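Q: For reference, the structure I am asking about is given below.
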Amino acid sequence: MEYITHLLILFSIYGILGLGLNLIVGYTGLLSVTHAAFYGIGAYTTAILLTSFGINFFLSIIIGMIVSGILGFLIGLVLSKFKGDYYALVSFGFNIIVFSIFLNWQNLTRGPLGIPGIGKPQLFDINFYNNFNFLILSLVFLLLSWLLSWFIVKSSFGRVLKAIREDEQAIQVFGYNTHYYKLAIFVIGAMLASIAGSLFASYISYIDPSTFTLNESIFILVVIILGGLANLRGSILGALILIILPEALRFVGFPSDIAAQMRQLVYGVILVLLMLYRPQGLIGEYKL
Amino acid sequence: MEIVPQLIVNSIIAGSIYSLVALGFNLIYDVTKFFNLAHGVLAAVGGYAVFFFYKTFGLPLILSVVIAVLLTGLIGFILDKLVFLPLRLRKASDMVLIVASLGAFTAIQAIIAILFTSQFQTLSQGSGQNIYEFGNAVFTQTQFIILASALIIMVGLVWLLKSTMLGKAIQAISDDEEVAKIVGINTNKIISYVFFIGSAIAGLAGVLVGFDTGIEPTMGMGLLLKGVIGSIIGGVGNIYGGVLGSFLLGFVENFGIWKISGEWKDAIAFILLILFLLFKPKGILRK
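Protein chains in written order, with the working numbering: chain A, 32 to 319; chain Z, 105 to 391.
Following this line, the structure appears as structure tokens:
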């Protein structure tokens, strides 16, 4: 039971990450491979605020979202100058730059040693020390992220995003400032990723830079491409499949190093097969 | 200031390695017009092939290197046939090709790690390397070979493109694939040859890095990104541009860490790329 709770918590965290990235990649058509950077910014903000300043977890989530939002704004400002493959490449670059900062700004992040002993959330008299309560908390955040994404997608703002994806010039002719829309959705996606990061840091209670590499961004991309681009349920489905599927490898009984590599192999093969045979993913509504 | 000559040597060696990656990457980009991210992992394939044939299997050094380079070329060729050719025939968008190449990259890297473990290994036997001194700077025989290979491959590619039928066909495809088809060039066949040649060069880069420092399954991503950055800041699709950009990157990176930790190299490289894309997006030498 404890094990299933653990998997479901991870599922909610990746669900939140997937929802945010799907808004950027699926709905707006911007191939961003830098989501792990914002995931990490959220995680580090919570970790530092909780361990060094004893700030409440929920306050740290909000501060993390603000930090992520500001950095997302600056990064998005640069990214909005590019499109297509150059966009993807520059977003790669930002992931690597942010990762370098986690690794090298040792006074703040303790570098490769990581930050241990991150506390669990507490709200008035309710604490989230046991995993079941934590699961409820993560599911609440997943639900909130879903509602926010759903609201965005159904609004006129969301329709402009889809229009940008289909034909940016055409929507510009109608007088929409597409830069503003692309920037706004990038910042929202970054803030959602930051929530997931805060939850992850508090749940695992130890973080180090190796969680927030380019590989992690690729993994989140696999989640939404497998589940389905431009479909919110797709992000959830993708997270569910990719969290549960690798567990099967664990039961087959590979040593942990090999199992980790097998997982990478499976992700890679899934990406290639999807691109060859089903570029819109399982229930997606948009082909890359 | 005594460190400056050594920094110059380091920059030249880094620049040569990046040039080798950039040359192959540029050649493939020239005919396919997409960022082939799988190009990086082929360097790791080359390095590990030498590790297997030379150290585990005990074949002579030169033979192992030749086999490794050909094998890497072959894997690039097969990747084209299995993944990129079907996608091109379907007129898939650049994004689909990039994501597919990212998938191929992840998968091949994982296969290498499963076969050879993810440990760092060295290719050179013992410590019997000749070391040359040049003022205050020191460089090894391997590093000299790296510089020589980069220059030889560059000259070789220029010759291939300018003076052979294959090269002319490549240039025709690069200018306009449709028109090349109309005048009777079998474009898909030529592109698959390009994949072979470009990948073989990446394999050679991996082998040389393996002898200079060492190999690990994840070495491909770093090399790829540096090669891509080199070719973009030099001017994508331009042979001289790719080499020039790679050397510029080598110098900026090595002088950038003069006063700070070497771990910042990757960040410096990407900041250089982003500055170029913002202010000089076509690179130094445009095609």
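Glycine included, each C-beta is placed from N, C-alpha and C at the ideal position. Fair warning: this is a prediction, and the values are worked out from it, not measured in the lab.
With 7 Å set as the bound, which would you pick, yes or no: does the beta-carbon of residue 119/A sit closer than that to a beta-carbon of chain Z?
A: For residue 119/A, the answer is yes, since a Cβ of chain Z falls inside 7 Å of its Cβ.
Q: When DSSP labels each residue in this structure, what does residue 317/A get in the three-state scheme?
A: Correct three-state label for residue 317/A: coil.
Q: Going along chain Z, which residues have a C-beta under 9 Å from residue 262/A?
A: Going along chain Z, no residue has its Cβ under 9 Å from residue 262/A, so there is no contact; the nearest lies around 17 Å.
Q: Apart from the five residues on each side of it in sequence, which residues of its chain come closer than 6 Å, Cβ to Cβ, to residue 327/Z?
A: Only 125, 144 and 147 meet the Cβ criterion.
Q: For residue 235/Z, report the span of its beta strand (DSSP E) as first-last.
A: Here the beta strand (DSSP E) through residue 235/Z covers 235–238.
Q: Need the endpoints of the beta strand (DSSP E) that residue 285/A sits in, please.
A: Note, residue 285/A: premise wrong, no beta strand (DSSP E); not H, not E.
Q: Mapping the DSSP letters down to three states, classify residue 140/Z as helix, strand or coil.
A: Residue 140/Z: coil per DSSP, three-state reduction.
Q: How is residue 76/A classed by DSSP in three states: helix, strand or coil?
A: DSSP places residue 76/A in helix when its eight states are reduced to three.
Q: Going along the stretch 302–313 of chain A in order, which residues come within less than 7 Å of chain Z, judged by CB to CB distance?
A: Flagged, chain order: 302, 303, 306, 307 and 310.
Q: At the level of alpha carbons, what is the spacing between residue 146/A and residue 77/A?
A: C-alpha separation (whole angstroms): 11 Å.
Q: Rounded to whole angstroms, what is the Cα-Cα separation between residue 253/Z and residue 43/A?
A: Going by the C-alpha atoms only, they are around 51 Å apart.
Q: Mind checking if residue 300/A is an interface residue toward chain Z, Cβ cutoff 7 Å exclusive?
A: Yes, contact with chain Z.
Q: From which residue to which residue does the beta strand (DSSP E) around residue 241/Z run?
A: Start and end: 241–244.
Q: Give the DSSP-derived three-state secondary structure of residue 213/Z in the structure shown.
A: Helix, per DSSP.
Q: Looking at C-alpha atoms only, which residue of 124/A, 264/A, 114/A and 180/A is the closest neighbour of residue 197/Z?
A: Ranking the options by Cα distance to residue 197/Z, first place goes to 114/A.
Q: Sort out for me which residues DSSP pairs residue 290/Z with in a bridge.
A: None; residue 290/Z has no bridge partner.
Q: Are any of the Cβ atoms in chain Z nearer than 7 Å to that of residue 200/A?
A: For residue 200/A, the answer is no, since every Cβ of chain Z falls outside 7 Å of its Cβ.
Q: Does residue 129/Z get closer than 7 Å to chain C when you measure Cβ to Cβ?
A: This model lacks chain C altogether; the protein chains it does include are A and Z.
Q: Have a look at 313/A, 176/A and 81/A and flag the residue whose alpha-carbon is nearest the alpha-carbon of residue 153/A.
A: If we check each option's Cα against that of residue 153/A, 81/A comes out closest.
Q: Which residue marks the beginning of the alpha helix (DSSP H) containing residue 208/A, and which one marks its end?
A: It is not in any alpha helix (DSSP H) - residue 208/A carries neither H nor E in the DSSP assignment.
Q: Relative to chain A, which residues along the stretch 130–150 of chain Z have a C-beta separation below 8 Å, given in chain order?
A: Under the 8 Å Cβ criterion, the stretch 130–150 of chain Z contributes 138 and 139.
Q: Would you verify that the beta carbon of residue 317/Z is, or is not, closer than 7 Å to some beta carbon of chain A?
A: Residue 317/Z does not count as touching chain A.
Q: Pull up the DSSP beta-bridge partners for residue 225/Z, would you.
A: Answer is 319/Z.
Q: Return the residue from the list 53/A, 48/A and 47/A that minimises the CA-CA distance to residue 318/A.
A: Checking every option, the nearest Cα to that of residue 318/A belongs to 53/A.
Q: Given a cut-off of 7 Å on the beta-carbon distance, is the pair residue 421/Z and residue 311/Z in contact?
A: This structure does not reach residue 421/Z, given that chain Z is present from 105 up to 391, and the question cannot be answered.
Q: If you count every other CB in all the chains shown that lies within 10 Å of the CB of residue 239/Z, and 16 or more means buried, which is it?
A: Its Cβ having fewer than 16 others within 10 Å, residue 239/Z is exposed.
Q: From the DSSP output, read off the bridge partner residues of residue 158/A.
A: Partner(s): 153/A.
Q: Looking at the secondary structure, which residues open and close the alpha helix (DSSP H) in which residue 187/Z lies?
A: Residue 187/Z -> no alpha helix (DSSP H), and no H or E assigned at all.
Q: Can a CB atom of chain A be found closer than 7 Å to the CB of residue 198/Z?
A: Chain A contact via Cβ: present.
Q: How close, in whole Å, do the beta carbons of residue 243/A and residue 133/A come, if the pair is a contact with beta carbons under 8 Å?
A: Confirmed, Cβ separation roughly 6 Å.
Q: Can you list the residues of chain A that residue 375/Z reaches, using a CB-CB cut of under 9 Å?
A: Here the neighbours are 124 and 128.
Q: For residue 55/A, does the three-state DSSP call read helix, strand or coil?
A: Note: residue 55/A maps to helix in three-state DSSP.
Q: In whole angstroms, what is the alpha-carbon distance linking residue 120/Z and residue 164/Z?
A: Those two C-alpha atoms are separated by around 25 Å.
Q: Are the C-beta of residue 367/Z and some C-beta of chain A separated by less than 7 Å?
A: Yes, residue 367/Z counts as interfacial toward chain A.
Q: Counting C-beta neighbours from all protein chains within 10 Å, is the total for residue 279/A 16 or more, i.e. buried, or is it exposed?
A: Classification for residue 279/A: exposed.
Q: Measuring only between beta-carbons, confirm whether residue 292/A sits less than 7 Å from chain Z.
A: Output row for residue 292/A: interface = yes.
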